[in-house]
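This note's numbering puts the sequence shown at residues 52 to 321.
Yeah, the Cβ is synthetic: ideal placement off N, Cα and C, and Gly gets one too.
Quick caveat: nothing in here was measured; it's all calculated off a predicted structure.
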Amino acid sequence: MHEYQSLKVEQQGAIAHILINRPAKANAMDEAFWTEMVEVFDWVDQTDSVRVAVISGVGEHFSAGIDLAMLAQAAGSLTQDIGRNAERIRRNILRLQAAFNAVDDCRKPVIAAIHGYCIGGAIDLISACDMRYATADAHFSIKEIDMGMAADVGTLQRLPHLIGDGMMQELAYTGRAMHGDEARQLGLVNKVYADHAELIEGVMTLAGEIAAKSPLAIRGTKEMIRYSRDHSVAEGLNYIATWNAAMLQSEDLKLAMAAHMSKKPAEFAD
Numbered sequence: 052m053h054e055y056q057s058l059k060v061e062q063q064g065a066i067a068h069i070l071i072n073r074p075a076k077a078n079a080m081d082e083a084f085w086t087e088m089v090e091v092f093d094w095v096d097q098t099d100s101v102r103v104a105v106i107s108g109v110g111e112h113f114s115a116g117i118d119l120a121m122l123a124q125a126a127g128s129l130t131q132d133i134g135r136n137a138e139r140i141r142r143n144i145l146r147l148q149a150a151f152n153a154v155d156d157c158r159k160p161v162i163a164a165i166h167g168y169c170i171g172g173a174i175d176l177i178s179a180c181d182m183r184y185a186t187a188d189a190h191f192s193i194k195e196i197d198m199g200m201a202a203d204v205g206t207l208q209r210l211p212h213l214i215g216d217g218m219m220q221e222l223a224y225t226g227r228a229m230h231g232d233e234a235r236q237l238g239l240v241n242k243v244y245a246d247h248a249e250l251i252e253g254v255m256t257l258a259g260e261i262a263a264k265s266p267l268a269i270r271g272t273k274e275m276i277r278y279s280r281d282h283s284v285a286e287g288l289n290y291i292a293t294w295n296a297a298m299l300q301s302e303d304l305k306l307a308m309a310a311h312m313s314k315k316p317a318e319f320a321d
């Protein structure tokens, strides 16, 4: 497995566990993080033996968001030319967005396991995941407003699909903190665990359950859910009809049917 600077990647059976690994800095997202996320999720996407990805944080926190040293450095590189500055900043924002687009676009389900701080850029990250689970003391905050800026790597685009506009706007305009139980009530997280150990155990068990399903069926399901978020019902129905015209001829379908009849678990090819 490739060595990364800001991430730690472990493959446990069919599960890829991606850990944000800068515990001394509350897992703040530094320069290396943004390029490594793209590489890691390309690897998850391309590796057939990986069926599910889990993201968590090493140490006390999930992540305190973008490393402010990185922002300061970007500010220091500006010139006198407004046009060139704007073009450079825009290009940089699009580069950061690509790190979380890689999560959203990944063919495999991605589960976030959140404890401690989940602030600013970390909210953008979990918004791009398929499911979120947290500890009771997890601390969520759309902190960008207190930095004098609008969140720009996905929170404002993806979060309304998860918790609805009203609460999303309250959180985005105030930057206030929210803990595990409130996040659960809003539907941002699916379940709250007492502590970090229970959280990881619970999420890994769930990931294992998903990994045991037909990879083709999981792939199609994720593709349709993502497509439907951004298209009309009619377009989504048309797409699944075309998709399943091929996929319903898969070996996985016969295996799943046989397993159902014999009440034994099916073994699907990668």
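In the DSSP assignment, S313 falls within the unbroken alpha helix (DSSP H) covering 302-313.
M121 and E82 have their C-alpha atoms spaced approximately 7 Å apart. In this structure the segment 60-79 does not touch the segment 124-139; the number of beta carbon pairs closer than 8 Å is below three.
Here the alpha carbons of A223 and L288 stand approximately 33 Å from one another. According to DSSP, I69 shares a beta bridge with V60, I106. Contact annotation: V95 and I66 have beta-carbon atoms that are not nearer than 8 Å.
Approximately 6 Å separates the beta-carbon atoms of D321 and P266; this is inside 8 Å, confirming the contact. With a cutoff of 8 Å on beta-carbon distance, A187 and G231 are scored as near each other. Under DSSP, K242 shares a beta bridge with Y184. Around Y244, the same chain offers T186, L250, G253 as residues with beta carbons nearer than 6 Å, after the five sequence neighbours per side are excluded. With 16 or more other Cβ atoms inside 10 Å of its own Cβ, D155 counts as buried. Taking the C-beta atoms as reference points, S100 is found no nearer than 8 Å to A164. With fewer than 16 other Cβ atoms from the protein chains shown falling within 10 Å of its own Cβ, E61 counts as exposed. Distance from the CA atom of R270 to the CA atom of F92, rounded to whole angstroms, is 15 Å. Apart from the 5 residues on each side of it in sequence, Y278 sits with its Cβ closer than 7 Å to the Cβ of G287, Y290 in its chain, given in chain order. Comparing C-alpha distances from H166 to each of H247, Q56, L299 shows the shortest one belongs to H247. According to the DSSP assignment, S178 belongs to the alpha helix (DSSP H) that extends over 172-178.
Nearest to C180 by C-alpha distance, out of H212, A263, Q56, E221, is H212.
Here I162 carries a strand assignment [DSSP, helix/strand/coil]. Spanning the alpha carbons of A123 and M298 requires a straight line of approximately 49 Å.
Annotation: I177 to M312 spans about 38 Å, alpha carbon to alpha carbon.
Inter-residue distance for N152 and K305 is about 34 Å (C-alpha atoms, whole angstroms).
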